[in-house]
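Residue 94 in UniProt numbering is what sits at position 94 of the sequence shown, and the numbering runs on without skipping anything.
Beta carbons: idealized from backbone N, C-alpha and C, even for Gly.
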Amino acid sequence: MNAVEAASSRSPAGALERMDLAVSGMTCAACARRVERTLSEVEGVQECSVNFATRRASVLFDARATSVSALADAVADAGYRAEVPQASTAEETDAAEERGLRRRLAVAVLFGLPVVVLAMSHGALDFTGSIWVQLGLTVPVMAYSGGPIFRAAWAALRHRSADMNVLVALGTGAAFIFSVVATVWPTFMVTGDHGGHGGHGAAPPIYFEAAAAVIAFVLLGRFLESRARTRAGDAIRRLQALAPSIATVLENGVEREVPLAEVRVGDRVVVRPGQSIPVDGSVVDGASSVDESMLTGESLPVEKAAGAEVFAGTMNGTGRLVFRAAKVGSDTALQQIVQVVERAQGTKAPIARLADVVSGVFTPVVLLIAIATFAAWFVLAPEETRLTMALLNAVAVLVIACPCALGLATPAALMVGMGRGAQLGVLVKSAASLEGASRIDTVVLDKTGTLTQGRPAVVRVLTASGMTEEEVLTLAAAAESASEHPLARAVVSEASNRGLKVGTPESFTATPGHGVEAEVGGRKVLVGSRRMLDGRGVSGSEDAERVLTTDGQTPVLIAVDGRWVGAIGIADPEREEAATVVQSLRSMGLHVVMLTGDHEGPAARVARALGIDRVFAGVLPSGKAHVVRTLQAEGRRVAMVGDGINDAPALAEADLGVAMGTGTDVARDAAGVALLRSDLRGLPAALGLARTTMRVIRQNLFWAFLYNVLGIPVAAGLLYGLTGWLLSPMLASVAMSLSSVSVLLNSLRLRRLRLPAPQAA
Numbered sequence: 001m002n003a004v005e006a007a008s009s010r011s012p013a014g015a016l017e018r019m020d021l022a023v024s025g026m027t028c029a030a031c032a033r034r035v036e037r038t039l040s041e042v043e044g045v046q047e048c049s050v051n052f053a054t055r056r057a058s059v060l061f062d063a064r065a066t067s068v069s070a071l072a073d074a075v076a077d078a079g080y081r082a083e084v085p086q087a088s089t090a091e092e093t094d095a096a097e098e099r100g101l102r103r104r105l106a107v108a109v110l111f112g113l114p115v116v117v118l119a120m121s122h123g124a125l126d127f128t129g130s131i132w133v134q135l136g137l138t139v140p141v142m143a144y145s146g147g148p149i150f151r152a153a154w155a156a157l158r159h160r161s162a163d164m165n166v167l168v169a170l171g172t173g174a175a176f177i178f179s180v181v182a183t184v185w186p187t188f189m190v191t192g193d194h195g196g197h198g199g200h201g202a203a204p205p206i207y208f209e210a211a212a213a214v215i216a217f218v219l220l221g222r223f224l225e226s227r228a229r230t231r232a233g234d235a236i237r238r239l240q241a242l243a244p245s246i247a248t249v250l251e252n253g254v255e256r257e258v259p260l261a262e263v264r265v266g267d268r269v270v271v272r273p274g275q276s277i278p279v280d281g282s283v284v285d286g287a288s289s290v291d292e293s294m295l296t297g298e299s300l301p302v303e304k305a306a307g308a309e310v311f312a313g314t315m316n317g318t319g320r321l322v323f324r325a326a327k328v329g330s331d332t333a334l335q336q337i338v339q340v341v342e343r344a345q346g347t348k349a350p351i352a353r354l355a356d357v358v359s360g361v362f363t364p365v366v367l368l369i370a371i372a373t374f375a376a377w378f379v380l381a382p383e384e385t386r387l388t389m390a391l392l393n394a395v396a397v398l399v400i401a402c403p404c405a406l407g408l409a410t411p412a413a414l415m416v417g418m419g420r421g422a423q424l425g426v427l428v429k430s431a432a433s434l435e436g437a438s439r440i441d442t443v444v445l446d447k448t449g450t451l452t453q454g455r456p457a458v459v460r461v462l463t464a465s466g467m468t469e470e471e472v473l474t475l476a477a478a479a480e481s482a483s484e485h486p487l488a489r490a491v492v493s494e495a496s497n498r499g500l501k502v503g504t505p506e507s508f509t510a511t512p513g514h515g516v517e518a519e520v521g522g523r524k525v526l527v528g529s530r531r532m533l534d535g536r537g538v539s540g541s542e543d544a545e546r547v548l549t550t551d552g553q554t555p556v557l558i559a560v561d562g563r564w565v566g567a568i569g570i571a572d573p574e575r576e577e578a579a580t581v582v583q584s585l586r587s588m589g590l591h592v593v594m595l596t597g598d599h600e601g602p603a604a605r606v607a608r609a610l611g612i613d614r615v616f617a618g619v620l621p622s623g624k625a626h627v628v629r630t631l632q633a634e635g636r637r638v639a640m641v642g643d644g645i646n647d648a649p650a651l652a653e654a655d656l657g658v659a660m661g662t663g664t665d666v667a668r669d670a671a672g673v674a675l676l677r678s679d680l681r682g683l684p685a686a687l688g689l690a691r692t693t694m695r696v697i698r699q700n701l702f703w704a705f706l707y708n709v710l711g712i713p714v715a716a717g718l719l720y721g722l723t724g725w726l727l728s729p730m731l732a733s734v735a736m737s738l739s740s741v742s743v744l745l746n747s748l749r750l751r752r753l754r755l756p757a758p759q760a761a
C-alpha cells in the first residue's frame with residue numbers, strides 16, 4: 001500500500017477532510033492553475049488551492065464522495081503526480097529534482113555550446129558537413145534535455161490547455177523543424193539570398209543554435225529556481241530538523257535509545273546536557289536551563305525543574321533532565337508549528353488574485369500575439385528575409401512571455417516570510433492573515449494577562465508615623481501567611497522578595513470578604529478592608545485608602561493593637577515590556593486601545609503608566625466583540641490581541657486576531673496570528689513582518705508585470721522601426737529565466753530579516 005492509498009484508507013467516512021498533496025511535474029504558474037482546476041472538478045471537492053512555489057495542493061473534500069486516491073488519479077490524468085507528502089522524503093524529492101535538472105542542463109551545455117560557437121562564427125569555422133554536425137549535436141539537446149518540456153507541453157495540449165512548456169516547445173520546435181527541413185531538403189526552403197547564418201551562399205538559414213540555447217537557458221532558469229525554492233524552505237526544514245531522530249527512554253532504571261517514532265505518551269525520557277529534547281513533556285526529575293529560542297524566538301534560556309513543561313526541538317543546557325512524554329509525533333508543539341506554517345504557505349493572499357486572473361488568460365493571448373507577429377513580419381519584411389524575421393520574432397515572443405515570474409511573485413515571498421516568522425516566534429496561519437496584518441491601523445490590547453502580568457502584586461506601601469515599610473510588611477505577611485486569598489499571597493510574596501523574615505501567627509481568624517485577624521508576637525494584627533477596621537473602632541486610614549484607590553490600587557489596611565499603622569496598595573502590575581511595546585506600536589503609526597473588564601480606576605492607572613489614550617473599561621467578555629465592531633464602524637482596521645480563550649469572540653470579530661501564548665497554543669482557531677513568545681514583544685515583530693513581506697510581494701508583482709509589459713513588445717519587434725533593435729530567441733530565453741530568478745532572489749531577502757526591538761518609552 002502506497003502513501004496515497006494509506007491516507008485514503010484513513011479517511012473518515014461522511015466527514016470533510018483537508019489533505020495536503022505534494023505535486024511534482026509543475027514547471028510554471030499555469031501548471032499550478034491546471035492542477036487546481038482539475039482537483040476542483042473532482043466530485044466532493046469543496047475547496048482547493050495549489051501553490052506553485054511550495055509544490056503543494058491543499059484540498060478540502062467530502063470523504064463520502066471521493067478519496068485521496070481519486071484526487072491523485074485526477075492529478076495524474078492531468079499529466080502530473082500527486083502523493084501524500086512525507087517529511088522524511090521531502091528533502092530527497094527536492095534533491096532528486098535538482099540532480100535531474102543538473103544532468104539535463106549539463107547535456108544541453110555540452111552539446112549546445114559547440115552549436116552556438118559554429119553558428120556565431122559567421123563562416124570562420126565553416127567546414128564541409130558543419131550543418132550536419134550542428135544537427136547531430138542539437139538532437140540530444142532536444143530529445144534528452146528538452147524531453148520533459150515537450151512531454152509536458154503535449155500533456156497540456158491534450159487537456160486543451162496552454163502553459164510555459166507549450167510556449168517553449170512551440171518556439172524551439174518551430175526553429176528546430178525549420179532547420180531540419182533546411183538541412184535535409186535545402187532546395188525547398190531557398191527563395192533567394194536569405195543572408196542567414198550557418199549556410200553557404202543561397203543556402204537557407206538554420207537555427208539549431210537558437211533551439212539548443214533556448215532549451216539550455218530554460219533549464220538554467222529552472223535549476224536556479226529549484227535552488228532558490230530549496231533555500232526558501234530552509235526555515236521549515238531547520239525547524240523540522242530540531243527534533244533528534246533518537247530518544248533515550250528510561251525503563252526500570254535502565255536507559256535505552258530508541259527511534260523517535262517509537263516514543264509513546266507516558267514514557268520517561270532522559271535528556272543529557274547539550275542534547276535536543278525529542279518530544280513534549282513534563283519534567284519529573286532534574287533541573288536545567290533550556291534554550292527555547294528556535295521555538296519561541298525568546299533569546300534567554302528558561303529554567304526548568306520538576307513540574308515544568310519542555311518542548312520538542314528545544315536545546316537542553318547544563319543539567320540532566322528526566323521528563324514524562326506528554327505529546328509525541330505530530331502532536332508536539334514543534335510539529336504543530338511546522339504544520340500550520342506549511343498550510344499557511346499553501347494559502348493564497350487576496351493580493352494574488354490579480355496575478356491569477358492575468359496568468360489565466362496570459363498564454364492564449366501570447367499565442368495570438370506570436371501568430372500576429374509572424375504574420376506581420378512575413379507581410380511587411382523584405383521578401384528575401386521575411387521568413388527568417390517572422391520566425392525569429394515569433395519564437396522570441398513565445399520564449400520571453402513565460403508568466404513564471406508572475407506566478408512566483410506572491411507565493412515565493414509568503415513562503416520565505418512565513419518561515420522566517422516562525423523562526424522569530426511569529427506564527428501566521430494564512431496568507432490572508434498576513435495581508436490583513438499589513439493593513440492594520442488600530443491595535444486593541446486586552447489588559448489582564450496581556451498588558452499586565454495577570455496576578456496581583458504589591459505596588460505601594462504607605463505607613464503611619466513611626467512605622468517603616470518593612471515593619472508594616474512583616475506584620476501583615478505574618479498575619480496573612482495562613483490565608484490562601486490571592487491578595488494575601490501577594491503580601492507574603494512581597495515580603496519574601498524583600499528578604500523579610502515572615503513569622504507564623506499564634507492565632508488566626510479569617511472573615512470572608514473583609515480580612516483576617518491574627519496574633520503575631522503577642523500583638524493583635526488586623527489586615528483587611530476599611531469596613532473591618534471600622535468594625536473594630538480603628539480610624540486614621542481614610543487618607544491612605546483614598547490615595548491608593550485614586551491610583552487604581554486595591555487598598556489592604558493594617559492595624560496593630562487597635563491603631564492604624566499602614567496600607568498596602570495591590571494591583572495587577574504591568575508587564576515589564578508593555579510600555580516599550582506600546583511606544584513601538586505608536587511609532588509605527590498605530591492607534592493603541594486598551595480593553596478590560598476591570599473598573600475604571602485600575603484601568604486608568606495602567607493606561608497612564610503605558611501611555612494609552614483610549615480605554616474601554618468595565619467591558620464583559622460578551623461585550624468585547626461589540627467594542628471591536630464600534631472601532632470598525634469608525635473606519636478602522638482593527639487587530640485584537642488577547643489570550644485566545646475569553647477573548648475568542650473579539651479575536652474572531654477583528655480584522656486580525658492575535659493570540660498570545662507558548663507553542664502549545666497554536667491551535668487557537670479564533671486568531672490569525674499566534675505569538676509564540678510569552679510576552680508582548682512579538683506583536684510589533686508580527687506587524688513589522690507582515691508589512692515587510694507585503695512590500696516584497698508588491699515589488700515582485702510590479703517587476704513581473706513590468707517585465708512582460710516591456711518584454712513582449714520588444715520581442716515582437718515594435719522598436720525595430722525606431723532603433724533597429726530585434727531580440728534574438730537566445731536573449732529572450734535569458735531574460736525569461738532571469739525574471740523568475742530575480743523574483744525569487746528578492747523574496748529570499750526576507751531570510752535575513754531582523755525585526756527591530758521595541759523602542760524605549
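- Boundaries of the alpha helix (DSSP H) harbouring W132: S130 to P140, taken from the DSSP string.
- Taking a 10 Å sphere around the C-beta of F702, we find fewer than 16 other C-beta atoms and assign the residue as exposed.
- A distance below 7 Å between beta-carbons, with the five flanking residues on each side excluded, links S483 to the following residues of its chain, in chain order: A510 and V516.
- The beta carbons of V395 and G171 sit about 4 Å from each other, so the pair counts as a contact at 8 Å.
- Going by DSSP, P602 is part of the alpha helix (DSSP H) stretching over E600 to L610.
- A residue is called buried when at least 16 other Cβ atoms come within 10 angstroms of its Cβ; E494 meets this threshold and is buried.
- The C-beta separation of I568 from V491 comes to about 6 Å, placing the pair in contact by the 8 Å criterion.
- Take the alpha-carbon of H485 and the one of A518: they are about 15 Å apart.
- The closest CA to that of G682, considering only G454, A617 and G425, is found on G425.
- Cβ neighbours of R386 within its own chain (closer than 6 Å, five residues either side excluded): F378.
- Put simply, the segment 589-601 touches the segment 439-459. At least three CB pairs are less than 8 Å apart.
- With respect to the C-alpha of R268, the residue from A261, V254 and S276 having the closest C-alpha is V254.
- With a cut-off of 8 Å on Cβ pairs, the segment 709-726 is not in contact with the segment 457-470, counting fewer than three such pairs.
- Relative to L16, the option among G44, F52, Y80 and L334 whose CA is nearest is G44.
- With respect to V638, M660 sits apart: the two C-beta atoms are not nearer than 8 Å.
- Restricting attention to beta strand (DSSP E) runs no shorter than 3 residues, the segment 658-718 encloses them at 673-675, ordered along the chain.
- In the DSSP assignment, F61 forms a beta bridge with E17 and V45.
- A Cβ-Cβ separation of about 7 Å places F176 in contact with F208 under the 8 Å criterion.
- When DSSP states are grouped into helix, strand and coil, K501 belongs to the coil group.
- Counting C-beta pairs with one atom in each stretch, the segment 308-322 and the segment 268-277 have three or more that are closer than 8 Å, which means they touch.
- When DSSP reads this structure, A22 sits in a beta bridge with R56 and E83.
- Here the alpha carbon of V68 sits roughly 19 Å from the alpha carbon of Q339.
- Taking the C-beta atoms as reference points, G286 is found no nearer than 8 Å to L250.
- According to the DSSP assignment, L738 belongs to the alpha helix (DSSP H) that extends over P729 to L748.
- Excluding five sequence positions before and after L610, the CB atoms of its chain that fall closer than 7 Å to its own CB belong to L451, E574, A578, A579 and V582, given in chain order.
- By the criterion of a C-beta distance shorter than 7 Å, L219 is surrounded in its chain by L101, R104, L105, A108 and S145, once the five residues flanking it on both sides are discounted.
- The residues A625, in chain order, have a CB closer than 6 Å to that of P649 in the same chain once the five nearest residues on each side in sequence are set aside.
- By the neighbour-count criterion, in which 16 or more other beta carbons inside 10 Å mark a residue as buried, K501 falls on the exposed side.
- For the pair F111 and Q134, the Cα-to-Cα distance works out to about 9 Å.
- At a Cβ-Cβ threshold of 8 Å, K429 and V673 count as neighbours.
- Beta-bridge partners assigned by DSSP to E383: none are found.
- Secondary structure note for M640: its beta strand (DSSP E) is the uninterrupted segment V638 to G642.
- Cβ-Cβ distances below 8 Å link A261 to G329 in the same chain, with the five nearest sequence neighbours on each side left out; the list follows chain order.
- If you compare the alpha carbons of L656, G319 and V366 with that of R636, the shortest gap goes to L656.
- Comparing alpha carbon positions, the residue from R420, P555 and P411 closest to A476 is P555.
- Classified as exposed, E542 has fewer than 16 neighbouring CB atoms from the shown chains inside 10 Å of its CB.
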